[in-house]
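Below is one structure, written out as structure tokens; comments come after it.
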């Protein structure tokens, strides 16, 4: 029986077996390459899938968790009130012991029945906020995370961690400069003036001073965020550095409760340095983003 010759495939056409290998399996979905644009579009679709009531329910859950964390921190400080008060009074007491010319003995006085109670409540309330700050920031992050892309989620970890660290550094800096600020203020009272401080006013001064420093130290995080969302550019922040320094010292003078130049410099100088660091970090992150996109 004669054998028919096998057909020779055209040299410019692929072999049929190669065609079968290149075709995807029918059961496997086709995957498109993921880009920043498709990632952002998919994230927006997932965020838009939630109804208004679901957003409100999520917001309520985050608020309740944050308030519970603040309440737990406040209760803890109510229980540990004595060591916390000794910690806050320690700079004033050490100053009086080392400077006899200041006419103070390091004691605090209650001039009314509710002075001690108000001081305890103020320490518990503001201290609870400070203790619960990581939980509050975490809940804020969990609320906005559905609208973030994968790249922005990585940035959010940096923002939360740096916010906690910077707030703690600012509060500790305020505590470290407290004795110098008190020495300056007492020195202006006069040599014949005896220093008798009301406990509620002293606690209010120390707490507000630590909070103002902590909040002020959060400004670099805000600057980096504004650069990443392209509200401002690093070039603008660099060219306007003179105006920025003036604004920094004006804000430092407004938010510091004591108003003395030592506290003003202790807050203004670090904020100026942090301003320049924030501009550098923002410029670096934007450069990496443009390099990746290219």
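In the working numbering, the protein residues as written are 246 to 539. We put the beta carbon where it would ideally sit given N, CA and C, even for glycine.
Query, Result
"Residues in its own chain within less than 6 Å of residue 418 by CB, not counting five upstream and five downstream?", "458"
"Would you kindly report the start and end of the unbroken beta strand (DSSP E) that includes residue 352?", "349-354"
"Just to confirm my understanding: we take residue 408, look at its own chain, exclude 5 residues before and 5 after, and list those with CB closer than 7 Å. What are they?", "382, 463, 466"
"Should residue 347 and residue 443 be called a contact, given that it needs their Cβ atoms to be closer than 8 Å?", "no"
"Compute the Euclidean distance between the alpha carbons of residue 429 and residue 505, then round it to the nearest angstrom.", "7 Å"
"Beta-carbon within less than 7 Å of residue 374's beta-carbon, same chain only, minus the 5 sequence neighbours each way: which residues are those?", "315"
"If you follow the alpha helix (DSSP H) that residue 472 is in, where does it begin and where does it stop?", "464-473"
"Pull up the CB-CB distance for residue 523 and residue 469, whole angstroms please, since I reckon it's below 8 Å.", "5 Å"
"In angstroms, rounded to a whole number, what distance separates the CA positions of residue 350 and residue 318?", "32 Å"
"Rounding to the nearest angstrom, what Cα-Cα distance links residue 282 and residue 521 in this structure?", "Only weak support is given to the placement of residue 282: the predicted model assigns it a pLDDT of 49, under 50, and the value that follows is read from those uncertain coordinates. When rounded, the distance between both Cα atoms is 31 Å."
"Can you tell me which of the three DSSP states residue 440 falls into?", "strand"
"Which of helix, strand or coil does DSSP assign to residue 328?", "helix"
"Are the stretch 353-360 and the stretch 293-308 in contact at 8 Å, needing three or more beta carbon pairs?", "no"
"How would you call residue 432, buried or exposed, if buried means at least 16 neighbouring beta carbons within 10 angstroms?", "exposed"
"On a CA-only basis, which of 482, 434, 515 is nearest residue 412? Give me that one, please.", "515"
"Could you round the C-beta distance between residue 528 and residue 479 to whole angstroms and report it? I think they count as a contact, below 8 Å.", "4 Å"
"Quick check on residue 511: does DSSP put it in helix, strand or coil?", "helix"
"Using a 10 Å radius around the Cβ and a threshold of 16 neighbouring Cβ atoms, would you call residue 337 buried or exposed?", "buried"
"Residues in its own chain within less than 7 Å of residue 543 by CB, not counting five upstream and five downstream?", "Nothing in the structure corresponds to residue 543, since the chain is present only between 246 and 539."
"Ignore the nearest five residues each way along the sequence and tell me which others in residue 386's own chain have a CB closer than 7 Å to its CB.", "401, 405"
"With DSSP collapsed to three states, give me the class of residue 401.", "helix"
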